[in-house]
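*Asks:* Residue numbers (the numbering used here): 307 to 619.
Below is a structure I'd like to ask you about.
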Amino acid sequence: YETTGTAWHILSEFIAPALVGKTIDSPMDLNGLLVFMRGHPLARAGVELALWDLMGKRTGASLAHLLGVARRRVEVGVSVGIQPDADALVRVVAGYVEAGYARVKLKIKPGRDLTEVQAVRRAFPQLRLQVDANSAYDLEDVSVFQAMDDLGLLLIEQPLAEDDLIDHARLQAQLATPLCLDESILSARHAAQAVEIGACQIINIKPGRVGGLGEAVAIHDLCHERRIPVWCGGMLETGVGRAANLALAGLPGFTLPGDISATDRYYAFDIAQPSFRLNADSTIDVPEGRGLGVEIDPTALARVTLRRELVAG
Ligand code: MG
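The following block contains the structure:
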């Protein structure tokens, strides 16, 4: 995973010294060895993912196999940022539709919402469309979301503050469109409580946000049991995290397309090979190689390396 800045500091100062010399039988054991540490999900997820890769490479199994995934490819969509105006947004969306994406997510914020989403819906009446507010609204904005009920959206993602499950439940009660939580859900416990109080009807799972694949699978399992659809979000992963997200999204509860676009959506070149391409049916293949099914390209990695550090036991 993307161990930059703070995450790298946490990794080198706290996680690595706690693990050097320890025996680990399963990646699932990692959190037990890190009980002294609170938070820092990205750093945890990075180390846990390395353990999954190691386990797969040693046993000859793909990550998908280790997770019990049978699907060979998963449905994906693309996330589109806020554009200068509604016309520009329609043009950007048209480019992605032409590239083969069958599901598009639009970022919205106050003042840049209803007009833009209506314009895209007019231009693409059949497109599977959803919006993501990244916590930009509060409960007084309910009329904006009620107006979106007419647009046939798959979901409205994280409209309110990330630490406010109660107001999400109040908002969901006034809408027909399902709410989906992203930033609010940092653990399986959060997911269970959000579902219990009706704060959402769908959950976006990101392994980096929840501290790794172990917690991501736990959230998937409890949602699957309760018939809550889940989908896999994106955190600008390189090919390393992208490979893991594709394997995860093969689990049966992932019934909505993920924000797992092709490598070229965000990267001119990637540190891992092979890169991921979009199939004609808006899917991407689940990697089949051992471990993550990708290899680090040392030349590409050297091009983006800012600093080296050796952690020794
Ligand atoms: Mg989001």
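By construction, the Cβ of each residue, glycine as well, lies at the ideal position given by its N, Cα and C atoms.
Return the residue from the list Gly599, Arg609, Leu612 and Leu607 that minimises the CA-CA distance to Ala356.
*Replies:* The residue given as residue 356 occupies position 50 in the sequence shown. Ranking Gly599, Arg609, Leu612 and Leu607 by Cα distance to Ala356 puts Gly599 first.
*Asks:* Do Phe451 and Leu487 have their beta-carbon atoms positioned less than 8 Å apart in this structure?
*Replies:* If you number the sequence shown from 1, residue 487 lands on position 181. If you number the sequence shown from 1, residue 451 lands on position 145. No, these two residues do not count as a Cβ contact at 8 Å.
*Asks:* Looking at Asn551 and ligand 1, is the gap between the Cβ and the nearest heavy atom below 7 Å?
*Replies:* As a working mapping, residue 551 is identified with position 245 in the sequence shown. Exclusion of Asn551 from the 7 Å shell around ligand 1 follows from its C-beta lying no nearer than that to any non-hydrogen atom of the ligand.
*Asks:* Please tell me whether, using a cut-off of 7 Å, the distance from the CB of Asn440 to the nearest non-hydrogen atom of ligand 1 is below it.
*Replies:* Your numbering for residue 440 matches position 134 in the sequence shown. For Asn440, the shortest C-beta to heavy atom distance toward ligand 1 is below 7 Å.
*Asks:* If we ignore side chains and look at the alpha-carbon of each, how far apart do Val250 and Gln507 end up?
*Replies:* Residue 250 lies beyond the stretch modelled for the chain, which goes from 307 to 619, so this question has no answer here.
*Asks:* Could you tell me if the beta carbon of Glu463 falls within a distance shorter than 7 Å of some heavy atom in ligand 2?
*Replies:* Although ligand 2 was asked about, the structure shown includes only ligand 1 as ligands.
*Asks:* Could you have a look at Lys411 and say whether DSSP puts it in helix, strand or coil?
*Replies:* The residue you call residue 411 lines up with position 105 of the sequence shown. DSSP, reduced to helix, strand and coil, places Lys411 within a strand of the structure shown.
*Asks:* Taking only runs of the beta strand (DSSP E) that begin and end inside the region 364-388, which ones reach a length of at least 3 residues, in chain order?
*Replies:* 379-381 and 384-386
*Asks:* Give the straight-line distance between the Cα atoms of Asp419 and Asp444, rounded to the nearest whole angstrom.
*Replies:* Walking along the sequence shown from the start, residue 419 turns up at place 113. Walking along the sequence shown from the start, residue 444 turns up at place 138. Asp419 and Asp444 have their C-alpha atoms some 14 Å from each other.
*Asks:* Give me the residue from Leu519, Ala425, Lys413 and Val353 with the minimum Cα distance to Ala370.
*Replies:* On the sequence shown, residue 370 is found 64 positions in, with the first residue counted as 1. Nearest C-alpha to Ala370: Leu519.
*Asks:* Within a Cβ cutoff of 7 Å, which residues of the same chain sit near Arg378, ignoring the five residues on either side of it in sequence?
*Replies:* Numbered from its first residue, the sequence shown carries residue 378 at position 72. Correct list, in chain order: Asp591 and Val592.
*Asks:* Which class does Trp314 belong to by DSSP, given the choice of helix, strand or coil?
*Replies:* Here residue 314 corresponds to residue number 8 of the sequence shown, with the count starting at 1. It is helical.
*Asks:* Just how far apart, CA to CA, sit Arg427 and Gly556?
*Replies:* Numbered from its first residue, the sequence shown carries residue 427 at position 121. Numbered from its first residue, the sequence shown carries residue 556 at position 250. Going by the C-alpha atoms only, they are around 29 Å apart.
*Asks:* Report yes if the CB atom of Lys413 is closer than 8 Å to the CB atom of Val386, and no otherwise.
*Replies:* For the purposes of this step, residue 413 is identified with residue 107 of the sequence shown, where counting begins at 1. For the purposes of this step, residue 386 is identified with residue 80 of the sequence shown, where counting begins at 1. Contact flag set, yes.
*Asks:* By Cβ distance, which residues of its chain are closer than 7 Å to Leu492, with the 5 residues on each side in sequence left out?
*Replies:* The sequence position of residue 492 within the sequence shown is 186, counting from 1. Same-chain partners within the cutoff: Pro347, Arg515 and Val516.
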